[in-house]
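Trainee: Please read through the structure below; I'll follow up with questions.
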Amino acid sequence: MLKVGITGGIGSGKTWVCRIFQHLGVPLFEADLEVKKLYSSDKDLKTELIRNFGQESYDENGAFNTSFFRSILKDETKRSILNNIVHPRVFERFESWSLEQTAPYVIKEAAILFESGADRTVHKTIGVFAPIETRINRVIERDNRSRTAVLDIIKMQMSDEELRKRVDYTITNDNENSVIKQVRDLHQVLINEARHF
Ligand code: ATP
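Position 118 of the sequence shown, counted from 1, bears residue number 117 in numbering that gives the first Met the number 0, the numbering being contiguous throughout.
Structure, rendered in structure tokens:
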């Protein structure tokens, strides 16, 4: 089974592109969603987080403390500790999920594909790119976040220049190139690739 990872900066349109692949029948594993599910369902993970980051990790009702972890993510060392705890568990979930799929290839969507080491869990990678102003405007409109807040996230993420060097395929999600056509074309390429797996 060929495994393909998709990533891109905030507002680049990863989710949008993944929806098109899904329409073409490609099974989709949403790593960020899986992380959120694990935070609330995995008891060992909960214990591990409390051991490393304290009781504040979960609130009095036992719910994962998102705002606390948002501040944790700003600290590079803590971010790396968190990633080392969480990502191996997501990798395991992805492996078992993949085994259940019957399509020629599957897609894993991850905001931090390379930073988390998830690139090593896939055979091919796709980067989604869009002009920075387009991304900022999309996120402001989608999340009602301020321009500064979006820029802060962009600064924390891998630059598009770096990402371009690392991925096998690129999709340009600006308002000029047809994304559907690019995805359809890439779908054919990946189906051909999948024959070798
Ligand atoms: P994040 O990293 O925050 O999850 P993302 O890369 O997954 O972002 P999307 O959520 O897919 O980005 O796209 C951001 C917003 O822009 C969404 O509201 C989406 O509907 C919109 N959008 C994405 N691509 C296009 C497009 N080609 N045309 C119009 N709107 C788009």
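Where a beta carbon is used, it is the ideal one built from N, C-alpha and C, also for glycine.
Is the segment 145–155 in contact with the segment 23–42, if contact means three or more CB pairs nearer than 8 angstroms?
Mentor: Touching, no, given that fewer than three Cβ pairs across the two stretches are closer than 8 angstroms.
Trainee: Count the other CB atoms, across all protein chains shown, that sit within 10 Å of the CB of Asp159; report buried if there are 16 or more and exposed otherwise.
Mentor: Under this definition Asp159 is a buried residue.
Trainee: Measure the C-alpha to C-alpha separation of Asn176 and His186 and round it to an integer number of angstroms.
Mentor: Each residue's alpha carbon lies about 17 angstroms from the other.
Trainee: If you follow the beta strand (DSSP E) that Glu108 is in, where does it begin and where does it stop?
Mentor: First-last of the beta strand (DSSP E) with Glu108: 104–108.
Trainee: Just how far apart, CA to CA, sit Ile139 and Thr169?
Mentor: Going from the Cα of Ile139 to the Cα of Thr169 covers about 24 angstroms.
Trainee: Taking contact to mean at least 3 C-beta pairs separated by less than 8 angstroms, is the segment 66–75 in contact with the segment 90–103?
Mentor: The segment 66–75 vs the segment 90–103: no contact.
Trainee: Could you check whether the Cβ of Asn172 sits closer than 7 angstroms to any heavy atom belonging to ligand 1?
Mentor: Because some heavy atom of ligand 1 lies under 7 angstroms away, the Cβ of Asn172 counts as near it: yes.
Trainee: I'd like the ranges of any beta strand (DSSP E) spanning at least 3 consecutive residues and lying wholly in the segment 58–135.
Mentor: Qualifying beta strand (DSSP E) stretches, in chain order: 104–108, 123–128.
Trainee: Return yes when the C-beta of Trp15 is under 7 angstroms from any heavy atom of ligand 1, and no when it is not.
Mentor: Checking every heavy atom of ligand 1 against the Cβ of Trp15, one is found closer than 7 angstroms.
Trainee: Buried or exposed, going by whether 16 or more other CB atoms sit within 10 Å of the CB of His86?
Mentor: By the neighbour-count rule (16 or more Cβ atoms within 10 Å), His86 is buried.
Trainee: Compare the beta carbon distance of Leu1 and His122 with 8 angstroms and say whether it is the shorter of the two.
Mentor: It is a contact, given that the beta carbons lie within the stated cut-off.
Trainee: Using the Cβ count rule (16 or more neighbours within 10 Å means buried), how would you classify Ala129?
Mentor: Burial call: buried.
Trainee: Quick test of your reading: Thr6 and Gly116, contact by CB under 8 angstroms. State the CB separation rounded to the nearest angstrom.
Mentor: Incorrect: roughly 12 angstroms between the Cβ atoms, too far for contact.
Trainee: Quick check on this structure: which residue in Glu161, Val182, Arg165, Lys164 has the alpha carbon closest to the alpha carbon of Thr171?
Mentor: Taking only the C-alpha atoms, the option nearest Thr171 is Val182.
Trainee: For Asp118, I'd like the list of residues in its chain whose CB is within less than 8 angstroms of its CB, leaving aside the five on either flank, ordered along the chain.
Mentor: Within the same chain, Asp118 has close Cβ partners Gly4, Leu112, Thr124, Arg165.
Trainee: Using the beta-carbon count (16 or more within 10 Å), is Arg203 buried or exposed?
Mentor: Not covered by the structure: residue 203. The range shown for the chain is 0 to 196.
Trainee: If we count the other Cβ atoms within 10 Å of its Cβ and call it buried at 16 or more, is Leu72 buried or exposed?
Mentor: Classification for Leu72: exposed.
Trainee: Count the other CB atoms, across all protein chains shown, that sit within 10 Å of the CB of Ser56; report buried if there are 16 or more and exposed otherwise.
Mentor: Buried, because 16 or more other Cβ atoms sit within 10 Å of the Cβ of Ser56.
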